[in-house]
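**Q**
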Amino acid sequence: MTAQCTGATSDRIVKGVRMASMFLMSLLASDWENQRAFLAVLRTGSLSAAARELGLAQPTVRRRIEALEQALGTPLFTRSPAGLLPTEAARTLGPHAEAMAAAAAAFQRAASGPRAEISGTVRITASDMIGTQVLPGLIEPLMARHPRLTLEVHLSNRTQDLLRQEADIAVRMVRPTQSALVIRAIGIVRLGLFATPAFVERHGMPERLSDLSRYPLIGPDRDAADLRATEQLLGPDVPGALTYRTDNHPAQFAAVRAGLGIGVCQVNLAARPPALIPILPEAFEMRLDTYLVMHEDLKRVRRVRVVFDHLARTLGAYCHGTTEPTSGVL
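Residue 8 in my numbering sits at position 8 of the sequence shown, with consecutive numbering throughout.
Following this line, the structure appears as structure tokens:
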């Protein structure tokens, strides 16, 4: 019995070594991106979750897994109701892929040292509120580290076309549907109704959304989409009851800060001192999925990738309420 067990163990060890060797040799025939896709699926258990982690389309991740399986000559995952289950080969190769990922990260950190200076121009597009109130505070450390880096920030609530190179990187509140884009979900921006403490002291607190039309309100002027959204979210009487109208979101926020009325603000920014008071938080809250996007061709352009990764990290922290930029409405 002992001899049989020892023999079986030896066979598994030999098989493991052989699979690891094949895995390393496959690097000669397949791109490291295939191994990254394998590791992401191994960690998350599904193609869709791996695609979100890598900022890729799900079919791209599937193709990379299939390419790696073909290079290795063995299946790596099997389907089950619980998701993708790793085969014995995948479990054997997992630690080696983790080691390669760690080595790649170390290589990137070394390449990002002081001698590998970033220079050139990166163009970012974002909404006027994100661009004026959030990005400057997040970008300052990046600019301090890379003084030869130039950033162009285009402020617009219109969706810029990255495929036409209108911008290198976009901050979007709607998931893009175009192909050939690297899309990273970075978090949720929460919005609510707010007013100053002095305003509430003068006018009192509304008890329900239907009371809003009896209060001074701040909102859009002629922007049809914003007016429709205001009507749908706050009630049909609200657009006609607006007492301070502007289509410029930073101007709306300034009016709320000045105590001119109740307005919609980003929750994280409204909490900055002097803090605004939430109005009917149990009755009204908007949650906007936030995405960072760039063209797939730019992910190998180092200056763009450095800015993209920095924004993904810092904007993600902002969405989770762990940073404090400057102020805002979306």
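Backbone N, C-alpha and C define an ideal beta-carbon position, used for all residues, glycine too.
All of these numbers come straight from a predicted model, not from anything done at the bench.
Residue 45 by DSSP, collapsed to three states: which one?
**A** For the purposes of this step, residue 45 is taken as residue 45 along the sequence shown, with counting starting at 1. Residue 45 falls in the coil class under three-state DSSP.
**Q** Let me know the secondary structure DSSP gives residue 38 once reduced to three states.
**A** By 1-based counting over the sequence shown, the position of residue 38 is 38. Three-state result, residue 38: helix.
**Q** Per the contact definition of three or more C-beta pairs closer than 8 Å, is the region 261 to 275 in contact with the region 217 to 224?
**A** Cβ pair count under 8 Å is three or more, so yes.
**Q** Using C-beta distances below 7 Å, list every residue in its chain close to residue 100, excluding the 5 sequence neighbours before and after it, in chain order.
**A** Position 100 of the sequence shown, counted from the first residue, corresponds to residue 100. Scanning its chain for C-beta atoms nearer than 7 Å, with the 5 sequence neighbours on each side dropped, one finds around residue 100 the residues 35, in chain order.
**Q** Compute the Euclidean distance between the alpha carbons of residue 196 and residue 254, then round it to the nearest angstrom.
**A** In the sequence shown, residue 196 corresponds to position 196, counting from 1. In the sequence shown, residue 254 corresponds to position 254, counting from 1. Using only the alpha carbons, I get a separation of about 11 Å.
**Q** Put residue 184 into one of helix, strand or coil per three-state DSSP.
**A** By 1-based counting over the sequence shown, the position of residue 184 is 184. Note: residue 184 maps to strand in three-state DSSP.
**Q** Express the C-alpha separation of residue 273 and residue 136 in angstroms, rounding to a whole number.
**A** Locating residue 136 in the sequence shown gives position 136, where the first residue counts as 1. Locating residue 273 in the sequence shown gives position 273, where the first residue counts as 1. Spanning the two alpha carbons is a distance of roughly 18 Å.
**Q** In chain order, what are the residue ranges of uninterrupted beta strand (DSSP E) at least 3 long that sit wholly in the region 253 to 279?
**A** 263 to 266 and 277 to 279
**Q** Are there 16 or more other CB atoms within 10 angstroms of the CB of residue 320, so buried, or fewer, so exposed?
**A** Here residue 320 is taken as the residue at index 320 of the sequence shown, counted from 1. Burial call: exposed.
**Q** Could you give the DSSP three-state label for residue 284: helix, strand or coil?
**A** Here the question's residue 284 lines up with position 284 in the sequence shown. Residue state, collapsed to three classes: coil.
**Q** Please state whether the Cβ-Cβ distance between residue 167 and residue 52 is less than 7 Å.
**A** For this step, residue 167 is matched to residue 167 along the sequence shown. For this step, residue 52 is matched to residue 52 along the sequence shown. Against a cut-off of 7 Å, the Cβ pair of residue 52 and residue 167 comes out as no contact.
**Q** Out of 121, 316, 175 and 86, state which residue places its alpha-carbon closest to the alpha-carbon of residue 149.
**A** In the sequence shown, the residue the question calls residue 149 occupies position 149. Residue 149 has its Cα closest to that of 121, out of 121, 316, 175 and 86.
**Q** Alpha carbon to alpha carbon, what distance is there between residue 89 and residue 74?
**A** Here residue 74 corresponds to residue number 74 of the sequence shown, with the count starting at 1. Here residue 89 corresponds to residue number 89 of the sequence shown, with the count starting at 1. Cα to Cα, residue 74 sits roughly 8 Å from residue 89.
**Q** Which of the three DSSP states is assigned to residue 143 in this structure?
**A** For this step, residue 143 is matched to residue 143 along the sequence shown. Three-state result, residue 143: helix.
**Q** Among the residues of its own chain, which have a CB less than 7 Å from the CB of residue 331, if the five just before and after it don't count?
**A** Absent from the model: residue 331. The displayed extent of the chain is 1 to 330, so no value can be given.
**Q** Whole angstroms is fine: what's the gap from residue 235's alpha carbon to residue 267's?
**A** The count along the sequence shown starts at 1 and reaches residue 235 at position 235. The count along the sequence shown starts at 1 and reaches residue 267 at position 267. Between residue 235 and residue 267, the C-alpha separation is close to 21 Å.
**Q** Can you tell which of 279, 102, 295 and 96 has its C-alpha closest to the C-alpha of residue 177?
**A** Counted from its first residue, the sequence shown places residue 177 at position 177. Nearest C-alpha to residue 177: 295.
**Q** What separation, rounded to the nearest whole angstrom, lies between the Cα atoms of residue 97 and residue 286?
**A** As a working note, residue 97 is residue 97 in the sequence shown. As a working note, residue 286 is residue 286 in the sequence shown. One Cα belongs to residue 97, the other to residue 286, and the distance between them is close to 40 Å.
**Q** Taking the alpha-carbon positions, what's the residue 140 to residue 78 distance?
**A** As a first step, residue 140 is located in the sequence shown; it is residue number 140 there, counting from the start. As a first step, residue 78 is located in the sequence shown; it is residue number 78 there, counting from the start. The straight-line gap from Cα to Cα measures roughly 46 Å.
**Q** Measure how close the beta-carbons of residue 318 and residue 134 come, nearest whole angstrom, since I'm counting them as under 8 Å.
**A** Taking the sequence shown and counting its residues from 1, the one referred to as residue 318 is at position 318. Taking the sequence shown and counting its residues from 1, the one referred to as residue 134 is at position 134. Indeed, because the Cβ distance is near 6 Å, the residues count as touching under 8 Å.
**Q** Exposed or buried, residue 55, counting other C-beta atoms within 10 Å across all chains shown (16 or more means buried)?
**A** Working through the sequence shown from its first residue, we reach residue 55 at position 55. Buried: at least 16 other Cβ atoms inside 10 Å.
**Q** Can you grab the Cα-Cα spacing for the pair residue 119 / residue 312, in whole Å?
**A** Counting from one through the sequence shown, the residue named residue 119 turns up at place 119. Counting from one through the sequence shown, the residue named residue 312 turns up at place 312. Distance between the alpha carbons of residue 119 and residue 312 is about 20 Å.
**Q** Just how far apart, CA to CA, sit residue 170 and residue 290?
**A** Numbered from its first residue, the sequence shown carries residue 170 at position 170. Numbered from its first residue, the sequence shown carries residue 290 at position 290. Using only the alpha carbons, I get a separation of about 10 Å.
**Q** Please state whether DSSP places residue 86 in a helix, a strand or coil.
**A** To locate residue 86, count along the sequence shown from 1; it is residue 86. In the three-state reduction of the DSSP assignment, residue 86 falls in the strand class, which pools E and B.
**Q** Just to check my reading of the structure: residue 315 and residue 292 have Cβ atoms closer than 8 Å, yes? What is that Cβ distance to the nearest angstrom?
**A** What you label residue 315 is simply residue 315 of the sequence shown in a count that begins at 1. What you label residue 292 is simply residue 292 of the sequence shown in a count that begins at 1. Contact flag correct, Cβ pair sits at about 7 Å.
**Q** Taking DSSP as the reference, what is the three-state secondary structure of residue 60?
**A** Counting from one through the sequence shown, the residue named residue 60 turns up at place 60. In this structure, residue 60 counts as helix in the three-state DSSP scheme.
**Q** Please classify residue 204: is it buried, with 16 or more other beta-carbons within 10 angstroms of its beta-carbon, or exposed?
**A** What you label residue 204 is simply residue 204 of the sequence shown in a count that begins at 1. Result: exposed.
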